[in-house]
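Below is one structure, written out as structure tokens; the observations come after it.
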Amino acid sequence: PPLRAVRIEEMINHFRYQKPGMVKGSGVVADMELCDTPWNPLTMLLAVHVSVDPDAGDAAGITGPVYLEINPERVGRVRLLGYAQLKHSGQKKSSGPAKLSRSQGNYVIYELENQDAAERSAVVATLHLGQEGSQAQLPISQKHSWIHASPDLRFASVVSACGILLHQHQGVGELDAGRLLSFVELLEKQDSTRLGGDRREALQLCRKAAGLIGAVSGN
2 PPLRAVRIEE
12 MINHFRYQKP
22 GMVKGSGVVA
32 DMELCDTPWN
42 PLTMLLAVHV
52 SVDPDAGDAA
62 GITGPVYLEI
72 NPERVGRVRL
82 LGYAQLKHSG
92 QKKSSGPAKL
102 SRSQGNYVIY
112 ELENQDAAER
122 SAVVATLHLG
132 QEGSQAQLPI
142 SQKHSWIHAS
152 PDLRFASVVS
162 ACGILLHQHQ
172 GVGELDAGRL
182 LSFVELLEKQ
192 DSTRLGGDRR
202 EALQLCRKAA
212 GLIGAVSGN
């Protein structure tokens with residue numbers, strides 16, 4: 002497909018995910034999760050899921066900013082999957098749009114470049130909800146292997162991997178058509194009881210995309 006037709010964030014948010022609930026504030030509830038990048042040993046994936054707080058009432062809206070602060074001591078560079086190349090960290094990054102649907106939140110994945118010399122117990126990133134002085138904060142430092150990440154993050158990262166290959170028509174790190182196919186097969190086996198019809202259909206499309214990309218790469 003044309004490059005501009007592949008929008009990874011829209012691909013991810015076509016699907017529904019478990020409702021967030023780790024932290025709430027300013028009319029928003031949010032979760033974060035951190036795992037190894039399955040196609041690049043030098044980076045990790047940070048999933049941020051924000052949604053309108055269902056307990057805030059119909060009249061309440063988002064009453065403050067929602068932003069992500071990256072710790073430059075743990076992260077060298079950062080990018081939002083589907084957007085620009087890795088950029089140096091140390092700046093506050095927007096975690097989602099100003100307007101959120103009440104029925105479905107916004108799920109985004111950042112790719113973070115590891116700092117080898119960093120203290121592993123240090124916070125990687127902190128999500129801030131609301132104005133300074135009254136904001137709720139959600140820090141994250143613990144990283145899981147990809148295979149031990151939640152089914153939501155594993156699925157969203159495979160959708161992202163498919164989008165990356167369709168967008169760039171070449172591998173990123175160790176990502177190629179064969180690796181994408183192995184991810185699909187793993188999810189179909191390990192998460193088979195948790196895959197709804199829409200996710201099964203998406204994995205079949207990823208499988209077909211891997212075949213087409215592999216055929217093009219082989220020519």
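Here this note's numbering is used: the first residue of the sequence shown is 2, the next is one more, and so on. C-beta atoms are modelled at their ideal positions from N, C-alpha and C, and glycine is treated no differently.
Between the stretch 162-178 and the stretch 27-37, the count of Cβ pairs shorter than 8 Å is below three; the stretches do not touch.
The continuous alpha helix (DSSP H) containing residue 183 extends over residues 178-191. Linking residue 218 to residue 209 through their CA atoms gives a straight-line distance of about 14 Å. DSSP assignment within the stretch 105-157 yields the following whole beta strand (DSSP E) runs of 3 residues or more, N-terminal first: 107-115, 126-130 and 137-141.
Judged by DSSP secondary structure, residue 70 falls within the beta strand (DSSP E) whose first and last residues are 67-71.
With respect to the C-alpha of residue 207, the residue from 175, 192 and 156 having the closest C-alpha is 156. Residue 71 and residue 78 have their alpha carbons spaced roughly 9 Å apart.
For residue 18, same chain residues with a beta-carbon under 7 Å away, outside a window of 5 residues either side, are 50, 108 and 153 in chain order. Secondary structure at residue 209: helix, using DSSP grouped into helix, strand and coil. Here DSSP, grouped into helix, strand and coil, assigns residue 22 to coil. With fewer than 16 other CB atoms across the displayed protein chains lying within 10 angstroms of its CB, residue 198 is exposed. About 12 Å separates the beta carbon of residue 13 from that of residue 165, a gap too long to meet the 8 Å contact definition.
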